[in-house]
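One line per chain: the protein sequences are A and B, in this order. Position 21 of the first sequence, counting from 1, maps to 18 under the working numbering, and the rest follow consecutively. Position 20 of the second sequence, counting from 1, maps to 17 under the working numbering, and the rest follow consecutively.
Number of protein chains: 2
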Amino acid sequence: MTIGHNSVAGDSLKSFIDRIERLNEEKKSIADDIKEVYAEAKGSGLNVKVMRRVIKERAMDKDDLDEFNTLTEVYWGAIG
Amino acid sequence: MTIGHNSVAGDSLKSFIDRIERLNEEKKSIADDIKEVYAEAKGSGLNVKVMRRVIKERAMDKDDLDEFNTLTEVYWGAIG
């Protein structure tokens, strides 16, 4: 493949990179929105670490979460 | 702060979590789109690692990039 100035491949590469850069910007903008919501929640007295944990747990499969919690208790017991 | 079933605080927490979960989904969807563009680029014969490097370099401040490249050459020279 030849990547040269004004070559078709160069235009195609440029187009891919433009698309990715635009998507990266959108992703960054959403990440900023998420930070803002957490800041707002913190401002209203909520614990952000606990919120992140709850959100992570809600995204997990129920059985996986149960097993994870049970094993956590077992591990705590083992070093108790 | 009281977090109870049907309490105002609970509703407020639920609303924050719903907003974050929606935003997380949007972010995930964009991340998937980015993966698709890279896959398409790869399919057309482009090297994805090089593309990622170019995109990273384009996002950098010009002076920082120049310094980084110069130092890289210096380090290569030092172990040459």
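Cβ atoms here follow ideal geometry from the backbone N, Cα and C, with glycine treated the same way.
Beta carbon proximity, B:A75 to chain A, threshold 8 Å: Counting from one through the second sequence, the residue named residue 75 of chain B turns up at place 78. B:A75 does not count as touching chain A.
Rounded separation between B:G77 and B:M48 - CA only: Numbered from its first residue, the second sequence carries residue 77 of chain B at position 80. Numbered from its first residue, the second sequence carries residue 48 of chain B at position 51. So the alpha carbons of these two residues sit roughly 27 Å apart.
Give the interface partners of A:D30 over in chain B, defined as CB-CB distance under 8 Å, in chain order. Looking up residue 30 of chain A in the first sequence gives position 33. The contacting residues are L20.
In chain B, which residues lie less than 8 Å from A:E23 when you measure between Cβ atoms? Locating residue 23 of chain A in the first sequence gives position 26, counting from the first residue. Correct list: I27.
Put B:N44 into one of helix, strand or coil per three-state DSSP. Taking the first residue of the second sequence as 1, we reach residue 44 of chain B at position 47. Three-state DSSP puts B:N44 in coil, outside helix and strand.
For chain B, is any of its Cβ atoms less than 8 Å away from the one on A:M57? On the first sequence, position 60 is the one that residue 57 of chain A refers to. For A:M57, the answer is no, since every Cβ of chain B falls outside 8 Å of its Cβ.
Alpha carbon to alpha carbon, how far is A:K24 from A:S9? Give it in angstroms, no decimals. Position 12 of the first sequence, counting from 1, holds the residue named residue 9 of chain A. Position 27 of the first sequence, counting from 1, holds the residue named residue 24 of chain A. Distance between A:S9 and A:K24, taken at the CA atoms: about 23 Å.
Beta-carbon gap between B:I14 and A:I17 smaller than 8 Å: Translated into positions along the second sequence, residue 14 of chain B becomes position 17. Translated into positions along the first sequence, residue 17 of chain A becomes position 20. No, the Cβ-Cβ distance between B:I14 and A:I17 is not below 8 Å.
Does the distance from the C-beta atom of A:D45 to that of A:A56 stay below 8 Å? In the first sequence, the residue the question calls residue 45 of chain A occupies position 48. In the first sequence, the residue the question calls residue 56 of chain A occupies position 59. In the sequence as displayed, the identity of residue 45 of chain A is Val instead of Asp. Taking a C-beta distance under 8 Å as the contact criterion, A:V45 and A:A56 do not qualify as a contact pair.
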